[in-house]
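Asker: In the working numbering, each residue carries its 1-based index in the sequence shown increased by 2.
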Amino acid sequence: MTGVLVLDKPGGITSFQAVQAVGRILRERKCGHAGTLDPMATGVLPVCVGSATKIAGYLVAEEKAYEVEFRFGVATDTGDAAGKVLAERPGASAPEGEVAAAVAALVGTFDQVPPAYSAIKVDGVRSYALARKGKEVPLAARRVAVREARLLSFGPEGFRAVITCSKGFYVRSLPRDFGERLGVPMTVAGLRRLRVGSFRVEDAVTLEALEDKAGRGEAASLLIPIVDALAGYPRWVVPANAASAVRNGRLAGDWLAGRAAAERGGIALLVTERLEPLALAGRDTTGLWKILRGI
Numbered sequence: 003m004t005g006v007l008v009l010d011k012p013g014g015i016t017s018f019q020a021v022q023a024v025g026r027i028l029r030e031r032k033c034g035h036a037g038t039l040d041p042m043a044t045g046v047l048p049v050c051v052g053s054a055t056k057i058a059g060y061l062v063a064e065e066k067a068y069e070v071e072f073r074f075g076v077a078t079d080t081g082d083a084a085g086k087v088l089a090e091r092p093g094a095s096a097p098e099g100e101v102a103a104a105v106a107a108l109v110g111t112f113d114q115v116p117p118a119y120s121a122i123k124v125d126g127v128r129s130y131a132l133a134r135k136g137k138e139v140p141l142a143a144r145r146v147a148v149r150e151a152r153l154l155s156f157g158p159e160g161f162r163a164v165i166t167c168s169k170g171f172y173v174r175s176l177p178r179d180f181g182e183r184l185g186v187p188m189t190v191a192g193l194r195r196l197r198v199g200s201f202r203v204e205d206a207v208t209l210e211a212l213e214d215k216a217g218r219g220e221a222a223s224l225l226i227p228i229v230d231a232l233a234g235y236p237r238w239v240v241p242a243n244a245a246s247a248v249r250n251g252r253l254a255g256d257w258l259a260g261r262a263a264a265e266r267g268g269i270a271l272l273v274t275e276r277l278e279p280l281a282l283a284g285r286d287t288t289g290l291w292k293i294l295r296g297i
């Protein structure tokens with residue numbers, strides 16, 4: 003069984019536990035997710051099954067959209083409701099206009115300092131492991147991009163916003179950044195991922211629905227084929243006489259002549275004449291094409 007399952011991850015479990023549940027239901031040992039969601043978070047979690055695990059790294063790089071609920075009056079060490087309380091001001095709030103302006107100001111490209119409780123490695127150790135031991139975690143700012151940020155609703159206890167962002171953006175950094183700008187402690191009280199690339203929450207399946215389909219022998223129908231999961235990449239059809247070479251990691255032949263520079267960072271999806279996935283290819287530093295990942 004091979005393909006990408008768009009899972010609607012429930013709250014209260016880790017992304018790894020969600021993948022384990024999918025593997026158990028599908029009776030498939032080879033499963034992996036494309037983009038971690040915190041335990042409290044819900045929504046789109048692409049789960050790569052079988053050979054599709056080979057493309058997980060490319061799906062992680064896709065743009066993501068979130069609906070976030072922020073709560074005024076409390077700040078935690080993790081940036082969300084699961085963390086240790088660092089500051090508390092019951093009844094604290096901020097003017098709606100200032101909140102809307104702070105949200106809108108996110109749009110653009112900027113350097114963001116990740117939260118201490120993150121999976122980023124510091125000298126080979128996950129930063130969250132260091133933070134749990136009470137150690138200082140000096141994380142360097144990372145360049146991120148926000149394409150859309152807008153206020154959905156506002157109330158005396160907090161607000162909700164939609165944020166569409168690049169890979170590497172940390173929603174849990176926002177309570178710190180918003181709090182500094184607005185002068186109010188706050189935390190993430192709820193987080194739902196609405197989209198990863200072309201995978202939308204409206205099309206996602208719950209674990210219960212997956213189990214029901216599996217019980218009727220129809221679970222495979224929920225898996226998106228690799229070629230469709232990578233539909234955003236330019237697609238190059240490899241002639242039959244060159245397919246074997248591509249499978250063995252060799253990229254050469256007259257069929258490559260005249261190929262224009264691929265989009266999406268110079269990456270193209272190579273498929274057989276029957277549209278079966280072969281590999282992802284890209285240009286090296288000299289401008290020559292090479293196989294990046296065999297599929």
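The C-beta atom is built at its ideal place from N, Cα and C for all residues, glycine as well. As the structure is a prediction and not an experimental result, all values here were calculated from the model.
Touching or not, the segment 30 to 45 and the segment 190 to 202, by the rule of three or more beta carbon pairs under 8 Å?
Answerer: At 8 Å Cβ cutoff, the stretches touch.
Asker: At the level of alpha carbons, what is the spacing between I27 and R249?
Answerer: In the sequence shown, residue 27 corresponds to position 25, counting from 1. In the sequence shown, residue 249 corresponds to position 247, counting from 1. C-alpha separation (whole angstroms): 31 Å.
Asker: Counting C-beta neighbours from all protein chains within 10 Å, is the total for A118 16 or more, i.e. buried, or is it exposed?
Answerer: Stepping through the sequence shown from its first residue, residue 118 is reached at position 116. Answer is buried; the Cβ neighbour count reaches 16.
Asker: Can you check DSSP and say which residues form a bridge with E69?
Answerer: The count along the sequence shown starts at 1 and reaches residue 69 at position 67. In the DSSP output, where bridge partners are listed per residue, E69 has V164, R194.
Asker: Taking only three categories from DSSP, how would you classify L132?
Answerer: As a position in the sequence shown, residue 132 is number 130, starting the count at 1. Residue state, collapsed to three classes: helix.
Asker: Among the residues of its own chain, which have a CB less than 8 Å from the CB of L184, if the five just before and after it don't count?
Answerer: As a working note, residue 184 is residue 182 in the sequence shown. Answer for L184: A96, E100, V101, A104, listed in chain order.
Asker: Distance, Cα to Cα, A36 vs Y68?
Answerer: One-based indexing of the sequence shown puts residue 36 at position 34. One-based indexing of the sequence shown puts residue 68 at position 66. About 16 Å.
Asker: Pairing CB atoms from the segment 166 to 178 with CB atoms from the segment 11 to 25, are three or more of them under 8 Å?
Answerer: Touching, no.
Asker: Would you call the segment 153 to 161 and the segment 56 to 63 in contact, with 3 or more CB pairs under 8 Å?
Answerer: No: fewer than three Cβ pairs fall under 8 Å.
Asker: Going by other Cβ atoms of all chains shown within 10 Å of its Cβ, with 16 needed for buried, is W291 buried or exposed?
Answerer: Translated into positions along the sequence shown, residue 291 becomes position 289. So W291 counts as buried.
Asker: What is the DSSP secondary structure of P177, counted as helix, strand or coil?
Answerer: The count along the sequence shown starts at 1 and reaches residue 177 at position 175. Helix at P177.
Asker: Checking the sheet assignment: what are the DSSP bridge partners for M188?
Answerer: By 1-based counting over the sequence shown, the position of residue 188 is 186. M188 is bridged to F74.
Asker: Starting from L28, follow the alpha helix (DSSP H) in both directions and report where the run begins and ends.
Answerer: Mapped onto the sequence shown, residue 28 falls at position 26. It spans 17 to 28 - the alpha helix (DSSP H) in which L28 sits, taken as one unbroken run.
Asker: Taking the alpha helix (DSSP H) that G99 falls in, what are its first and last residues?
Answerer: Taking the first residue of the sequence shown as position 1, residue 99 is located at position 97. That run of the alpha helix (DSSP H) goes 98 to 106.
Asker: Hey, out of K11, M3, T4, P116, whose CA is closest to T208's CA?
Answerer: As a working mapping, residue 208 is identified with position 206 in the sequence shown. Looking at the Cα atoms, K11 is the closest of the given residues.
Asker: Given a cut-off of 9 Å, decide if S53 and G228 are closer than it, judged by their beta-carbon atoms.
Answerer: Here residue 228 refers to the residue found at position 226 of the sequence shown. Here residue 53 refers to the residue found at position 51 of the sequence shown. Reading the sequence as shown, one finds Ile at residue 228 and not Gly. In this structure, S53 lies closer than 9 Å to I228 by Cβ.
Asker: Where R266 and L282 are concerned, what is the direct C-alpha to C-alpha distance, given to the nearest angstrom?
Answerer: Counted from its first residue, the sequence shown places residue 266 at position 264. Counted from its first residue, the sequence shown places residue 282 at position 280. Interpretation of R266 is limited by its pLDDT of 49, a score under 50 that renders its predicted location unreliable; the figure taken from the coordinates is listed afterwards. Distance between the alpha carbons of R266 and L282: 12 Å.
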